[in-house]
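In the UniProt record's numbering, the protein residues as written are 1 to 618. Each remark here refers to the structure printed beneath this line.
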């Protein structure tokens with residue numbers, strides 16, 4: 001969902017239809033005129049997956065019921081009003097952008113419902129310790145901090161970016177079926193015993209000897225930002241093959257490349273939710289907001305009965321229920337076991353691998369045992385769904401420029417903010433007298449959070465002179481000033497591990513069994529297209545829905561693996577030669593006597609650069 005460099009040229013700001021923010025909580029459509037023999041389908045969750053399944057069923061004879069525990073539809077599609085003076089505009093605070101290459105089904109859906117996205121700009125920057133180190137992927141931002149011209153660390157990062165773009169694709173050249181047997185210990189002597197499919201990005205970087213600057217200043221910030229995952233999780237646990245496949249699909253593994261056109265919906269993505277609701281015939285869609293599903297009972301075998309769903313009536317507080325011919329669980333993967341196992345035996349399980357239960361931001365699946373009976377969870381289902389976890393993120397809609405990079409030359413659409421200070425240090429925000437305690441708190445939690453500011457003026461074409469600075473910051477190092485804040489929202493995102501990727505591959509084995517199917521962005525890469533497509537797929541494969549366009553699987557949108565040309569091989573050879581001499585140089589500089597001299601020279605050079613930057617020479 002991001003690119004580390006410029007994607008598009010500027011575009012003119014288009015006009016957009018007025019936004020009706022009060023439509024965020026739609027009324028339940030009346031069942032008037034419904035046929036008594038019409039089969040009912042339940043959709044639990046109204047994020048992009050649930051809405052996609054509902055839209056695909058609009059032309060069928062099913063009566064569709066959407067159950068949403070929040071007061072509004074949309075999930076991460078959350079458009080909020082932004083007010084500046086007498087001006088008000090809709091601003092997206094969750095799902096913001098899409099592209100033409102890897103969002104094929106969602107883009108075609110938008111065309112069908114008459115919502116027209118416009119071109120936007122996708123750029124990325126990193127700011128550490130409130131401007132002590134900054135750079136961006138744009139040409140002017142690479143050396144926006146002048147001292148980086150004289151930084152071997154920065155130049156090594158640039159070299160490793162080029163190297164990664166050229167050589168990371170090798171991991172895709174291994175066929176999945178051969179990865180466990182064809183890769184011998186002699187071919188990869190430092191490779192762990194696990195297969196390429198199970199290798200984390202941290203293991204891959206260790207194996208290939210990438211620099212610390214490449215990890216800290218490029219790949220980890222980008223990975224953490226794209227998947228809304230804590231930096232430590234991104235570096236240690238994220239599956240390397242999944243990350244590299246994503247970057248390959250999104251044209252990010254090329255030094256010079258034609259990248260896909262990124263799009264946004266000016267005025268807010270709420271427009272497509274409204275279009276879905278309006279597309280249903282009267283009496284065919286029933287929306288139950290502020291309605292938390294309590295339990296789902298399934299028949300023992302397929303086609304031996306209906307699925308019974310119980311929910312809590314938000315008005316009376318009583319438990320109510322109904323039966324449905326099929327249910328689509330379009331909720332987070334770690335929410336499914338509790339729904340299916342409410343009457344199962346719950347107990348603590350002993351695990352040989354610790355899980356992050358002590359961290360409230362990471363939510364592992366609850367521990368249930370497989371039981372027998374109409375409400376049972378099979379061992380296979382338990383093994384699959386217990387692998388999924390989520391991480392919690394908080395977002396602020398605000399205009400506090402302290403949560404942007406210090407140098408305006410590094411301002412981009414996505415701005416990654418971090419701190420390397422220990423918990424005992426203080427990071428004082430300029431022109432503010434009481435930020436010390438905030439900064440200490442921020443640095444103490446850095447390792448478990450990702451702080452990212454979306455510049456909505458750039459992303460959604462909001463002129464500063466009309467709307468002021470419009471920013472959305474996820475997990476800020478310190479909260480924005482209350483007087484500059486217009487909203488605070490909580491989201492949960494999938495936490496990707498090798499176990500989760502393996503569970504994804506097993507999900508088709510239980511899809512649609514016993515009257516229940518499963519949809520969500522967590523079933524694939526975790527993006528809007530993945531969630532939307534999974535909802536469409538459930539409606540097509542399980543309920544016979546037909547789309548007005550051909551369904552496309554975007555997982556391999558650029559093919560299974562790359563094909564190298566002459567220029568690629570020449571560039572790889574050149575990088576290999578440079579890497580050979582760099583490693584020799586690293587060995588020499590690492591010798592005991594030489595290392596001391598290098599450390600002294602580096603310290604003196606850093607002091608001179610700090611002084612030059614302080615007096616304005618750089």
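From the three backbone atoms N, C-alpha and C, an ideal C-beta is built for every residue, glycine too.
Proximity of residue i and residue j at Cβ, strictly below 8 Å
{"i": "residue 397", "j": "residue 93", "result": "yes"}
{"i": "residue 456", "j": "residue 263", "result": "no"}
{"i": "residue 326", "j": "residue 41", "result": "yes"}
{"i": "residue 90", "j": "residue 212", "result": "no"}
{"i": "residue 121", "j": "residue 127", "result": "no"}
{"i": "residue 416", "j": "residue 125", "result": "yes"}
{"i": "residue 637", "j": "residue 74", "result": "The shown model of the chain, from 1 to 618, leaves out residue 637, and the question about it has no answer."}
{"i": "residue 131", "j": "residue 405", "result": "yes"}
{"i": "residue 391", "j": "residue 229", "result": "yes"}
{"i": "residue 395", "j": "residue 450", "result": "no"}
{"i": "residue 140", "j": "residue 393", "result": "no"}
{"i": "residue 329", "j": "residue 386", "result": "no"}
{"i": "residue 306", "j": "residue 50", "result": "no"}
{"i": "residue 467", "j": "residue 82", "result": "yes"}
{"i": "residue 399", "j": "residue 452", "result": "no"}
{"i": "residue 619", "j": "residue 279", "result": "Any answer about residue 619 is impossible in this case: the structure gives the chain only from 1 up to 618."}
{"i": "residue 619", "j": "residue 454", "result": "Lying outside 1 to 618, the shown extent of the chain, residue 619 is not represented and no answer is given."}
Residues near residue i by beta carbon distance below 6 Å, same chain, minus five either side
{"i": "residue 498", "result": "198, 239"}
{"i": "residue 605", "result": "none"}
{"i": "residue 524", "result": "530"}
{"i": "residue 22", "result": "Any answer about residue 22 is weak, because its pLDDT of 33 lies below 50 and its placement is not dependable; what the coordinates show is given next. Cβ neighbours of residue 22 beyond the five flanking positions: none."}
{"i": "residue 331", "result": "44, 45"}
{"i": "residue 548", "result": "112"}
{"i": "residue 104", "result": "552, 554"}
{"i": "residue 247", "result": "253"}
{"i": "residue 201", "result": "238, 240, 243"}
{"i": "residue 438", "result": "Caution is warranted here: a pLDDT of 44 is assigned to residue 438, below 50, making its placement in the model unreliable, and no coordinate value can be reported."}
Endpoints, the beta strand (DSSP E) within which residue i is located
{"i": "residue 491", "result": "485-495"}
{"i": "residue 327", "result": "326-329"}
{"i": "residue 136", "result": "133-136"}
{"i": "residue 572", "result": "Residue 572 -> not in any beta strand (DSSP E); alpha helix (DSSP H) instead, spanning 566-589."}
{"i": "residue 172", "result": "Per DSSP, residue 172 belongs to no beta strand (DSSP E) and is neither H nor E."}
{"i": "residue 280", "result": "Run containing residue 280: none; DSSP gives neither H nor E here."}
{"i": "residue 124", "result": "124-128"}
{"i": "residue 451", "result": "451-455"}
Identified DSSP bridge partners for residue i
{"i": "residue 530", "result": "DSSP, once it has assigned bridges, lists no residue as partnering residue 530."}
{"i": "residue 397", "result": "472, 487"}
{"i": "residue 80", "result": "91"}
{"i": "residue 239", "result": "200"}
{"i": "residue 389", "result": "495"}
{"i": "residue 44", "result": "67, 329"}
{"i": "residue 61", "result": "None; residue 61 has no bridge partner."}
{"i": "residue 98", "result": "263"}
{"i": "residue 412", "result": "According to DSSP, residue 412 bridges with nothing at all."}
{"i": "residue 418", "result": "128"}
Classification of residue i by the beta-carbon crowding that lies within 10 angstroms, buried from 16 upward
{"i": "residue 616", "result": "exposed"}
{"i": "residue 463", "result": "exposed"}
{"i": "residue 602", "result": "exposed"}
{"i": "residue 372", "result": "The predicted model places residue 372 with a pLDDT of 42, which falls under 50 and marks its position as unreliable, so this point remains unresolved."}
{"i": "residue 185", "result": "At residue 185, the pLDDT of 37 sits below 50, so the modelled position is not reliable; the number obtained from the coordinates is stated separately. Result: exposed."}
{"i": "residue 424", "result": "A caution first: residue 424 carries a pLDDT of 38, below 50, which makes its placement in the model unreliable, though a value can still be read off. So residue 424 counts as exposed."}
{"i": "residue 216", "result": "buried"}
{"i": "residue 86", "result": "exposed"}
{"i": "residue 534", "result": "buried"}
{"i": "residue 509", "result": "exposed"}
{"i": "residue 522", "result": "buried"}
{"i": "residue 221", "result": "buried"}
{"i": "residue 335", "result": "buried"}
{"i": "residue 284", "result": "buried"}
{"i": "residue 381", "result": "buried"}
Cut-off 8 Å between Cβ atoms - residues of its own chain near residue i, not counting five sequence neighbours on either side
{"i": "residue 598", "result": "589"}
{"i": "residue 69", "result": "290, 291, 292, 293"}
{"i": "residue 218", "result": "4, 126, 157, 160, 161"}
{"i": "residue 354", "result": "Annotation note: pLDDT 36 at residue 354 (below 50); position unreliable, coordinate value reported separately. Nothing meets the Cβ criterion."}
{"i": "residue 526", "result": "227, 493, 494, 496"}
Beta-carbon proximity list for residue i, same chain, < 7 Å, skipping 5 on both sides
{"i": "residue 205", "result": "215"}
{"i": "residue 261", "result": "8, 99, 100, 119"}
{"i": "residue 433", "result": "Low confidence applies to residue 433: its pLDDT is 37, below 50, so where it sits in the model is not reliable, and the reading given next is rough at best. Here the set comprises nothing."}
{"i": "residue 575", "result": "162, 163, 166"}
Residue span of the alpha helix (DSSP H) that contains residue i, given as start and end
{"i": "residue 467", "result": "464-467"}
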